[in-house]
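Structure record follows, encoded as structure tokens.
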Amino acid sequence: MRDIAERLSDWRSAGLVTAKQVKDITSYERQRAAAASKTTPEGRTAPVAEAIGYVGAAIALAAVGILLGDRWADLNFGGRLAIVALLTLILAGAAFTLRGNPREPIQRLVSVLAVSAIGGTGWLTAVVLTNPEGADWINSVFSLGVTNWRFREIALTIALVMFALAAALYPFRRRAFPQLATFVALLVVVGTVFARPAFTGGVSWGAIVIWAVGVAWVLLALGEWHEPPELAIATGSAAALIGAIAAAAGDGRGWLLWLGLATAVALMWRGVIFDTILMVALGAIGVLVFVPQIILEVFPEGSGSIVAMLVTGLLLVVFAVGIARERQDHGASKEARP
Amino acid sequence: MSKTQDPVAAATRIPRGDVGYLIGAAALVVIVAILALVFGIIRTPALEGLTDAQRAALPGGVAWTEFNDREGCADLMVAQPSGGAESLTCSEQLDRIVGWTEDGIITVAWTDNGENLQTRDPATGEVLSSRNLGGYLDKPDAEGIGSGFTVERSEGLLVLANRSSTVVWETEADARYKIGTLAVSSDGRWVAMTDSAERLLVVKADGSEPPAIWATGVREWSWRSVTWEGTEPPDI
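See below:
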């Protein structure tokens with residue numbers, strides 16, 4: 002796998018293969034390697050061992066949580082800092098040690114450990130900022146007035162720290178967990194920035210920015226900047242649709258509902274054209290959410306709900322027919338091939 | 012040929028995507044962020060801080076309670092004429108302030124057996140005396156901004172007037188800028204109020220001067236209004 006990766010890298014640099022071909026070959030070889038490993042006794046036991054390992058880790062973490070929960074209030078700042086720093090270092094150290102292991106389950110574990118270490122760093126930040134001794138120390142170094150910070154400033158700082166670490170990890174570990182951590186941290190940063198009183202009231206700009214970030218995330222997936230792209234499409238689409246729904250709850254409801262519907266239709270259209278059922282499904286959910294609201298907005302009287310159901314149903318039927326025809330054409334063109 | 016420590020990650024690191032999508036995604040986020048900054052930020056009326064002469068003229072301090080979301084308790088806040096806002100104490104039982112007499116700051120606190128009327132030291136927040144009310148006091152009226160004052164808006168103007176329709180403050184203001192709660196000093200000459208920019212403002216009741224900023228970082232907390240020093244509690 003390592004040789005193939007290096008060769009593909011060279012071929013890509015030389016312009017012999019496209020990014021899409023590199024991705025397809027890598028995916029094919031990985032699946033082939035996974036299938037081959039299942040035929041060996043070692044390969045058959047690996048997923049079971051991995052699952053048992055995660056269950057064991059969850060039980061151990063729960064025990065640590067209960068133990069800490071009982072004694073946390075009695076710990077002073079130094080004790081809290083030491084415990085959280087030690088846990089974070091153990092997680093980061095384990096991820097660093099295992100990072101070169103070529104086995105897929107171990108690579109998944111490395112991602113879980115690395116993202117958990119980022120979570121630990123966020124916890125460490127919270128311990129420093131919420132304890133008076135820690136806040137005084139930060140004030141003496143950076144003069145930020147941390148002692149007067151409220152929850153929103155603390156949450157923003159934690160989210161920024163976690164986003165910076167996740168965004169730094171993701172380019173070197175293009176996998177589901179780091180991608181998800183980066184996206185979630187980014188959304189929390191946006192949410193906490195726009196929760197400030199300078200932005201509250203009127204149009205929900207925070208929700209509109211979340212919509213934009215979600216759409217941008219999907220665009221990056223379509224442009225093959227994300228790995229795995231399916232996860233980025235799912236999370237980005239969900240964020241875009243939820244952002245539009247939340248934005249439409251405030252001022253400017255009329256045009257924001259149309260923005261949400263346009264997003265949902267664009268997802269369905271893209272899904273139909275490129276045969277991506279996930280995008281079609283997410284778009285359909287969006288249409289189901291936005292069309293009734295728009296029609297009830299246009300026809301606030303009682304008949305609006307019936308018209309909404311009719312239009313939503315017809316729209317979904319039109320898209321279903323579109324999918325069917327697309328599949329039919331796709332199949333016909335395959336059969337016509339020499 | 013380049014070497015890597017992480018062969019699986021290397022395989023997924025090789026592909027570089029379509030630059031057009033990258034530019035499109037970045038442009039979308041940048042444009043929406045600029046729109047949010049241009050149209051989203053509420054512009055608050057610019058005001059000066061309290062002058063020494065105004066501080067000397069104030070009849071006393073003001074107190075209020077606000078929720079401390081760091082500690083999960085209610086802060087007893089006090090602003091004295093000589094300084095800004097200061098938290099005296101933070102208590103999970105503390106609810107609201109109903110008076111500030113020579114005996115101390117009169118607060119209402121929750122208990123399992125109804126509400127307690129507590130008199131607290133205005134310097135430390137320490138409870139000096141406590142009396143169980145055997146029930147719950149009526150809540151202040153949540154409607155309006157307090158003391159019969161009204162806020163009118165027209166053509167970008169905010170007009171704050173008292174119950175005699177005397178204009179206390181008239182200013183250009185964003186429609187989203189709001190006056191929170193308001194209280195008149197015991198001598199009737201000053202009005203203290205909170206605003207949506209988390210400021211404690213003070214203005215002469217006759218409207219002869221624009222408001223001045225007494226303290227910043229004041230969080231609005233529903234109907235828990237500011238209370239002037241020298242305010243007698245209701246008959247309880």
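Residue numbers (the working numbering), protein chains in the order written: chain U, 2 to 339; chain S, 12 to 247. Cβ atoms here follow ideal geometry from the backbone N, Cα and C, with glycine treated the same way. Owing to the predicted nature of the structure, the values given are computational and were not obtained by experimental measurement.
So, is the C-beta of E103 of chain S closer than 9 Å to a C-beta in chain U? For the purposes of this step, residue 103 of chain S is taken as residue 92 along the second sequence, with counting starting at 1. So no, E103 of chain S is outside the interface.
Quick test of your reading: A222 of chain U and A233 of chain U, contact by CB under 8 Å. State the CB separation rounded to the nearest angstrom. Taking the first residue of the first sequence as 1, we reach residue 222 of chain U at position 221. Taking the first residue of the first sequence as 1, we reach residue 233 of chain U at position 232. Contact holds; Cβ gap of about 4 Å.
For the alpha helix (DSSP H) that T131 of chain U lies in, which residues bound it at each end? Taking the first sequence and counting its residues from 1, the one referred to as residue 131 of chain U is at position 130. Per DSSP, T131 of chain U belongs to the alpha helix (DSSP H) from 105 to 131.
Helix, strand or coil at L188 of chain U according to DSSP, with G and I counted as helix: The count along the first sequence starts at 1 and reaches residue 188 of chain U at position 187. If DSSP states are grouped into helix, strand and coil, L188 of chain U belongs with the helices.
Taking one C-beta from the stretch 250 to 258 of chain U and one from the stretch 268 to 275 of chain U each time, how about it: are there three or more such pairs within less than 8 Å? no
8 Å Cβ shell around T182 of chain S - same chain, five flanking residues per side excluded: In the second sequence, residue 182 of chain S corresponds to position 171, counting from 1. Cβ neighbours of T182 of chain S beyond the five flanking positions: P56, L168, L169, P221.
Report yes or no: is there a C-beta of chain U within less than 9 Å of the C-beta of V89 of chain S? Position 78 of the second sequence, counted from the first residue, corresponds to residue 89 of chain S. Not one chain U Cβ lies under 9 Å of V89 of chain S.
Buried or exposed for W201 of chain S, please, with buried defined as at least 16 other CB atoms from any protein chain shown within 10 angstroms of its CB. For the purposes of this step, residue 201 of chain S is taken as the residue at position 190 of the second sequence. Buried: at least 16 other Cβ atoms inside 10 Å.
Cβ atoms of R131 of chain S and L99 of chain S: under 9 Å apart, would you say? Within the second sequence, numbered from 1, the residue matching residue 99 of chain S stands at position 88. Within the second sequence, numbered from 1, the residue matching residue 131 of chain S stands at position 120. Yes, the pair counts as a contact, with Cβ atoms nearer than the cut-off.
Run through DSSP, which three-state label would G272 of chain U get? Working through the first sequence from its first residue, we reach residue 272 of chain U at position 271. Residue state, collapsed to three classes: helix.
Could you tell me which uninterrupted beta strand (DSSP E) segments, each at least 3 residues in length, are contained entirely in the stretch 25 to 84 of chain S, listed from first to last along the chain? 73 to 79
Where S93 of chain S sits in the DSSP three-state scheme: As a working note, residue 93 of chain S is residue 82 in the second sequence. Reduced to three states, the DSSP call for S93 of chain S is coil.
Under 7 Å by beta carbon: chain U residues contacting G125 of chain S: As a working note, residue 125 of chain S is residue 114 in the second sequence. In chain order: nothing, as chain U lies at least about 29 Å away.
Please check if any C-beta of chain S sits within less than 9 Å of the C-beta of L181 of chain U. If you number the first sequence from 1, residue 181 of chain U lands on position 180. Not one chain S Cβ lies under 9 Å of L181 of chain U.
Taking V281 of chain U as the reference, give the member of U:A52, U:A309, U:V318 with the closest Cα. As a first step, residue 281 of chain U must be located in the first sequence, where it is residue number 280. Here the closest residue by C-alpha is U:V318.
By how many angstroms is the C-alpha of G120 of chain U removed from the C-alpha of A58 of chain U? Numbered from 1 along the first sequence, position 57 holds the residue referred to as residue 58 of chain U. Numbered from 1 along the first sequence, position 119 holds the residue referred to as residue 120 of chain U. Distance between the alpha carbons of A58 of chain U and G120 of chain U is about 16 Å.
Exposed or buried, what is T173 of chain S when buried is set at 16 or more other beta-carbons lying within 10 Å of its beta-carbon? On the second sequence, position 162 is the one that residue 173 of chain S refers to. It is Asn, not Thr, that sits at residue 173 of chain S in the sequence shown. Flag for N173 of chain S reads buried.
Who are M88 of chain S's beta bridge partners in DSSP? Here the question's residue 88 of chain S lines up with position 77 in the second sequence. In the DSSP output, where bridge partners are listed per residue, M88 of chain S has S:W75, S:S98.
Distance cutoff 9 Å, beta carbons only. Does N149 of chain U sit that close to anything in chain S? Position 148 of the first sequence holds residue 149 of chain U. Interface residue, yes.
Taking the alpha helix (DSSP H) that Q129 of chain S belongs to, which residues open and close that run? Numbered from 1 along the second sequence, position 118 holds the residue referred to as residue 129 of chain S. No alpha helix (DSSP H) contains Q129 of chain S, which is instead part of the beta strand (DSSP E) from 125 to 131.
CB-CB under 8 Å to V162 of chain U, same chain, minus the five flanking residues each way: which ones, in chain order? Counting from 1 along the first sequence, the entry for residue 162 of chain U is found at position 161. Once the five neighbours on either side are set aside, the close Cβ partners of V162 of chain U are T122, G123, T126.
Going along chain S in order, which residues have a C-beta closer than 7 Å to the C-beta of E231 of chain U? Against the first sequence, residue 231 of chain U aligns to sequence position 230. Neighbours of E231 of chain U on chain S: none; closest Cβ ~14 Å, over 7 Å.
Here's the rule I'm using: 16 or more other beta-carbon atoms within 10 Å means buried, otherwise exposed. How should L311 of chain U be labelled? Numbered from its first residue, the first sequence carries residue 311 of chain U at position 310. So L311 of chain U counts as exposed.
If you reduce the DSSP assignment to three classes, tell me which class V312 of chain U lands in. In the first sequence, residue 312 of chain U corresponds to position 311, counting from 1. Residue state, collapsed to three classes: helix.
Return the residue from the list S:V73, S:V41, S:G51 that minimises the CA-CA distance to S197 of chain S. Within the second sequence, numbered from 1, the residue matching residue 197 of chain S stands at position 186. The residue with the shortest Cα to Cα distance from S197 of chain S is S:V73.
Which residue marks the beginning of the beta strand (DSSP E) containing A172 of chain S, and which one marks its end? Looking up residue 172 of chain S in the second sequence gives position 161. Counting along the chain, the beta strand (DSSP E) containing A172 of chain S begins and ends at 168 to 172.
Can you tell me where the beta strand (DSSP E) with A250 of chain U in it begins and where it stops? Taking the first residue of the first sequence as 1, we reach residue 250 of chain U at position 249. Neither: A250 of chain U is in no beta strand (DSSP E) and is coded neither H nor E.
Check whether the Cβ atoms of P245 of chain S and V138 of chain S sit closer than 9 Å, and answer yes or no. Stepping through the second sequence from its first residue, residue 245 of chain S is reached at position 234. Stepping through the second sequence from its first residue, residue 138 of chain S is reached at position 127. Contact: no.
Alpha helix (DSSP H) segment containing L88 of chain U, residue limits: As a working mapping, residue 88 of chain U is identified with position 87 in the first sequence. Taken as a continuous stretch (DSSP letters only), the alpha helix (DSSP H) holding L88 of chain U covers 78 to 99.
Comparing the C-beta of L223 of chain U with each C-beta of chain S, is any distance below 9 Å? Locating residue 223 of chain U in the first sequence gives position 222, where the first residue counts as 1. It does: the Cβ of L223 of chain U has a partner Cβ on chain S nearer than 9 Å.
Ignore the nearest five residues each way along the sequence and tell me which others in D114 of chain S's own chain have a CB closer than 6 Å to its CB. Taking the first residue of the second sequence as 1, we reach residue 114 of chain S at position 103. Excluding residues within five positions, the ones whose Cβ falls inside 6 Å are T130.
For the beta strand (DSSP E) containing G115 of chain S, name the first residue and the last one. Here residue 115 of chain S refers to the residue found at position 104 when the second sequence is read from its first residue. From DSSP, the beta strand (DSSP E) with G115 of chain S extends over 115 to 122.
A136 of chain U vs L114 of chain U beta-carbon contact at 9 Å: Here residue 136 of chain U refers to the residue found at position 135 when the first sequence is read from its first residue. Here residue 114 of chain U refers to the residue found at position 113 when the first sequence is read from its first residue. Not a contact, by the Cβ cut-off of 9 Å.
Own chain residues within Cβ distance below 6 Å of G146 of chain S, not counting five before or after: Indexing the second sequence from 1 puts residue 146 of chain S at position 135. Contacts found: G125.
Quick one: list the residues of chain S neighbouring L99 of chain U, beta-carbon separation under 7 Å, in chain order. Position 98 of the first sequence, counted from the first residue, corresponds to residue 99 of chain U. Correct list: empty, because the minimum Cβ distance to chain S is about 10 Å.
Environment of E225 of chain U [buried if 16+ CB atoms lie within 10 Å]: If you number the first sequence from 1, residue 225 of chain U lands on position 224. Its Cβ being crowded by 16 or more others within 10 Å, E225 of chain U is buried.
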